[in-house]
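Below: one structure, written as structure tokens.
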């Protein structure tokens, strides 16, 4: 066998970050992709189910939506791979069991006043009246502060005089729904970091929203397309240790097998990356340990009782308020999001398995999402300094924690090893 003259690289982790890095690096490197799970894709997890008539349907359960404005790298990747997408909508409802309130944004006045009696409810009208002011004050805060300002969302709401009811019925659900984090963690998010995200996504105004889309056939289509282009994929092979040396990188898997490479891309969650680096230096330890994660039990099911009781309040995303110390309860209505042509209602619900009819459960997953506080935001700016000629890192934690951020970090990892895109 003729030895390859290309440099060898191990990519550890086959979520969107690792898949993107492996796809690009394969143009000039001999790539070996390691994934602990038997399935590639990470949050790109499509479940194939059957409706009442027995027809197969591909339902996404993790990464679901992207848009035409703030996902340029992912859309470029989809374009190269020939991945088809379809338009969708991003309506969101809020249900508050304590008061019985149910309303939805993104569905017009009929969604906001899904419960007709709320037209004359002064408490609800008081919440609505603060939304526009929140948009204006958040935009003003962005204009008058710098990136070093780490004022939390909770402190911002207090200083601007927003009511506890507004906090509970609008501000916290907005953050919890987007980042799958609980109320307390949501209020600790750095306000400037949060508002910059909301502004880019058209969420600090009543107009100017981007066009959202889902992947035809489910996100597995792009995962499969990349996997088909790679020569060496080791799924179900958890890595247990990474050691860097002057002569290369040694990667040891759970079976005790060690392989040597010229370079390594560590494309896992930050805390996992730190666990794998048996020779982590002080800078790597300090930066990577700054990132924490929330864990969300996620259930694909057909129990429509998880949707709002008020039909006009049923939206693409459906948030249910909980106590401050509980994880968020969010139900994604996949028929609406993916345009599923079936009478069976397919739903993806976070952190409410006890409320779901066991007979309706189709699949159960655990997903972890980065939690952003002042320490994490400060650490992000130092991530590029960890790159060496042998090691680079990738992961959605390099950005806002979404699929575009993971894809973008994979592009950056490839660039660190000389592959521009």
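Residue numbers (this note's numbering): 46 to 466.
Virtual Cβ for every residue (Gly too), placed ideally from N, Cα, C.
For clarity, every value in this text was computed on a predicted model and none was experimentally measured.
Check	Outcome
Please report how far the alpha carbon of residue 140 lies from the alpha carbon of residue 463, in whole angstroms.	50 Å
What's the gap between the Cα of residue 259 and the Cα of residue 290?	43 Å
Which residues in the same chain as residue 238 place their Cβ atom closer than 7 Å to its Cβ, once the five residues preceding and following it in sequence are excluded?	417 and 422
What is the residue span of the alpha helix (DSSP H) that residue 180 lies within?	167 to 189
What did DSSP end up calling residue 256 once you bin it into helix, strand or coil?	coil
Just to confirm the assignment, what range does the beta strand (DSSP E) spanning residue 224 have?	Residue 224 -> not in any beta strand (DSSP E); alpha helix (DSSP H) instead, spanning 217 to 224.
My understanding is that residue 333 touches residue 318, with C-beta atoms under 8 Å, so please give their C-beta distance in whole angstroms.	6 Å
State whether the segment 435 to 451 contacts the segment 57 to 70, with contact taken as three or more CB pairs (one from each stretch) at a distance under 8 Å.	yes
Express the C-alpha separation of residue 250 and residue 461 in angstroms, rounding to a whole number.	37 Å
Can you give the Cα-Cα distance for residue 322 and residue 191, rounded to whole angstroms?	34 Å
By DSSP's criteria, residue 392 is part of a beta bridge. Which residues make up the other side?	346 and 378
With DSSP collapsed to three states, give me the class of residue 143.	coil
Is the beta carbon of residue 456 sitting closer than 8 Å to the one on residue 406?	no
Taking the straight line between their C-alpha atoms, what separation do you get for residue 244 and residue 385?	30 Å
For residue 412, which of 364, 340 and 446 has the nearest alpha-carbon?	340
What runs of the beta strand (DSSP E), each 3 residues or longer, lie entirely inside the segment 286 to 356?	293 to 298, 303 to 306, 308 to 311 and 337 to 346
Tell me which same chain residues have a C-beta within less than 6 Å of the C-beta of residue 458, skipping the five on either side of it?	66, 310, 437 and 439
Which residues in the same chain as residue 46 place their Cβ atom closer than 6 Å to its Cβ, once the five residues preceding and following it in sequence are excluded?	Legend: pLDDT at residue 46 = 36, less than 50; position of this residue unreliable, value from coordinates given subsequently. No residues qualify anywhere along the chain.
Are the Cβ atoms of residue 328 and residue 431 separated by less than 8 Å?	yes
For the 8 Å Cβ check, are there 3 or more pairs between the segment 101 to 120 and the segment 387 to 395?	yes
Based on the DSSP output, what are the partners of residue 408 in its beta bridges?	345
For residue 269, which three-state DSSP category applies?	helix
When you compare only the Cα positions, how much space is there between residue 372 and residue 126?	36 Å
In this structure, does DSSP put residue 438 in helix, strand or coil?	strand
I believe residue 222 touches residue 362 by the beta-carbon criterion, under 8 Å. Please report the beta-carbon distance rounded to the nearest angstrom.	6 Å
Got a sec, what are the start and stop residues for the alpha helix (DSSP H) residue 425 sits in?	419 to 425
Which residues mark the beginning and the end of the beta strand (DSSP E) in which residue 75 is found?	75 to 80
What number of angstroms, rounded off, separates the C-alpha of residue 50 from the C-alpha of residue 77?	15 Å
Roughly how many angstroms separate the alpha carbons of residue 156 and residue 150, rounded to a whole number?	6 Å
Terminal residues of the continuous beta strand (DSSP E) containing residue 56?	53 to 57
Report back the beta-carbon spacing between residue 212 and residue 219 to the nearest angstrom; my notes put them in contact at under 8 Å.	Residue 212 to residue 219, Cβ: 10 Å. No contact.
Considering only residues of the same chain and omitting the five flanking positions on each side of residue 388, which have a CB-CB separation below 7 Å?	97
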